[in-house]
Each structure stands twice: as structure tokens, then as C-alpha cells.
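Shown next, in C-alpha cells, is the structure this report addresses.
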Ligand SMILES: Nc1ncnc2c1ncn2[C@@H]1O[C@H](COP(=O)(O)OP(=O)(O)OP(=O)(O)O)[C@@H](O)[C@H]1O
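Numbering (this note's numbering), first residue to last: 6 to 266.
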């Protein structure tokens, strides 16, 4: 699906630059992809590069098409992106915020189809009851769900989500992953999600990409191929037991950190 070829990127700073990628190569699969890796590995930076928010060297390809060479309009048609952090304050209602997500598709007025898509999405995320509420008055988790709705109403071919389950309670984390799974299965959409919860990744991902703290590719594959005691020690500096449930899904029980403090 997406391949990242020889990606070089540094954040420019007032004095010098901070190198994040030095020739990164990664291949994602069709369907539900998860990126795992420790803090600072470059997961968010990679999603920003794919979405076209950064000037980098290298080539990012979707199928046969170079995303790197695409103009902004085509990139926005292809993908939607949920950043890790977003605005906290807005004078809009929830409904208005989510309609904003359809901006690239909106004509000179909001059609019944636009409203149906927005209301269906709010319902699928269990937040339809919040539609008339002021966004600024919502809880952190409710705000997160509004941003997720904004990302989904675009109906893109590719969805990039940076830590979407942060600030969601356990039930909503599972509901969101189930919804994403349904979108992948029923609508043929490809998704790339950054997660820190390895057990959640193990349960829902079809394909996991692991990045290490140097911003390099470490491994990729099915959850049972990737989530191993060795990976957890080498990438996260954690001793952990990994067992499998009856479906062969790995489950991680952390024991201790082996990093020197
Ligand atoms: N705007 C910026 N300017 C300079 N350096 C940055 C900037 N944003 C990120 N970095 C640095 O780039 C590296 C990668 O950051 P990034 O946010 O992509 O990591 P991450 O894997 O998403 O981390 P986390 O899991 O903590 O969200 C880190 O070393 C970070 O300090």
C-alpha cells in the first residue's frame, strides 16, 4: 500500500538541525496498520511526512502513485489525518466541527448527504447526543472523539491516526478499534495508526511496523511475528512475558524496565 523509500528528514532549529530519519525504508500493508515504537522514535513525524506536512528527501508511494509528487489537492482527496494534538478551544458546536471535516467535499451549501454522513459518523462513535453541544465544553475524551469523527467524515482511501485512543476510556478504545476494523473490512480503506498500547495493537492490527528510538525501521509483520520478548527488550528496554490467547493473538505482560535510570 504505502512504501516509504529512503526518507531523510531533519527538523530545522535555530542552531543546526535535529535529524529524525536518515534513509528510512518502510512498507505498509493493505488494511489495518499500526506503528509501534518508543517516545521520540519518529512515529508522528512519519505520519506528517506521509500527509505532506514536511519537506523531506525521499519518495513516499501509494500503490503506484508517488504521494511525494502529488499536489496538495490530490493528497487531501486521498488521505485524512488526525494529529496527536489539536486545538482545545473553539466557538463551534460539535456538529459544526465535524462538518468542517468535509470541507474539501462541500459545495456552496451543506447537502443532505453531507449531514447524513456526519450524523452516521457521530452515531458510529456514540457521540450523536453531543451534536448540539459547544465543543469547548466537552471533556478531553469527548473532544478526541469529535476530532476522530472529523477525520472519518472525509471518507478518504487512506486514514492516518496519531494516538487516537489517548484519553479514551477502555470501552471507547475498543469501540474505536472495532469501528476502524469495520471501515477497513467494509469500505476497503487502508489505515495507519500510531499506538502505544501494544496489546491493543496486537488485537486489531493486520500489520505492525516497529520503529526504534533512533528513527530507524526495526521490524514489521503480523502481530505474532513482531511482538516478541526480544523486540520489547531491544526497542522498549522492557522485560516482558508474551503469551498467546486461543486465537494466537500475542498478549504482553511487562515485568520491569532494563534501562539504566
Ligand atoms: N518541531 C520539532 N522541532 C524539533 N524537533 C522535533 C520537533 N518535533 C519532534 N521533534 C523531535 O523529533 C524526534 C521524533 O519526534 P516524534 O514526535 O516524531 O516522535 P514520536 O515517535 O511520535 O514520539 P511520541 O511517542 O513521544 O509521540 C524526537 O526526537 C523529537 O524530539
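Backbone N, C-alpha and C fix where the C-beta goes; we use that ideal spot for every residue, glycine too.
Residue i classed as buried or exposed, judged by whether at least 16 other C-beta atoms fall within 10 angstroms
i	result
residue 58	exposed
residue 13	exposed
residue 269	Past the boundaries of the shown model lies residue 269; the chain is included only from 6 to 266, so the question cannot be answered.
residue 92	exposed
residue 241	buried
residue 156	buried
residue 102	buried
residue 265	With a pLDDT of only 49 at residue 265, under the threshold of 50, the placement of this residue in the model should not be trusted; the figure read from the coordinates follows. Exposed.
residue 263	exposed
residue 19	exposed
residue 249	exposed
residue 225	buried
residue 16	exposed
residue 52	buried
residue 134	exposed
residue 25	buried
residue 193	exposed
residue 85	buried
residue 167	buried
Enclosing beta strand (DSSP E) for residue i [first to last residue]
i	result
residue 131	Unbroken run through residue 131: none, as it is neither H nor E.
residue 86	84 to 87
residue 195	195 to 199
residue 92	Looking at the DSSP string, residue 92 is not in any beta strand (DSSP E), and its letter there is neither H nor E.
residue 232	Per DSSP, residue 232 belongs to no beta strand (DSSP E) and is neither H nor E.
residue 64	62 to 67
Residue i vs residue j beta-carbon contact at 9 angstroms
i	j	result
residue 37	residue 232	no
residue 222	residue 31	yes
residue 131	residue 82	no
residue 140	residue 170	no
Among the options, the one whose alpha carbon lies nearest that of residue i
i	options	result
residue 260	234, 127, 67, 183	234
residue 253	244, 153, 237, 204	204
residue 29	150, 55, 19	55
residue 94	24, 209, 60, 143	143
residue 182	211, 161, 162, 160	211
residue 50	90, 79, 153, 256	90
residue 208	193, 216, 173, 180	180
residue 163	116, 251, 117, 189	189
Span of the alpha helix (DSSP H), counted from its first residue to its last, around residue i
i	result
residue 250	No alpha helix (DSSP H) holds residue 250; DSSP gives it neither H nor E.
residue 32	No alpha helix (DSSP H) holds residue 32; the beta strand (DSSP E) holding it covers 22 to 32.
residue 49	48 to 56
residue 17	Counting along the chain, residue 17 falls outside any alpha helix (DSSP H), though it belongs to the beta strand (DSSP E) covering 7 to 17.
residue 145	145 to 157
residue 105	99 to 105
residue 214	Not the alpha helix (DSSP H): residue 214 falls in the beta strand (DSSP E), residues 212 to 216.
Nearest-angstrom Cβ-Cβ length linking residue i and residue j, presumed shorter than 8 angstroms
i	j	result
residue 158	residue 123	6 angstroms
residue 87	residue 165	7 angstroms
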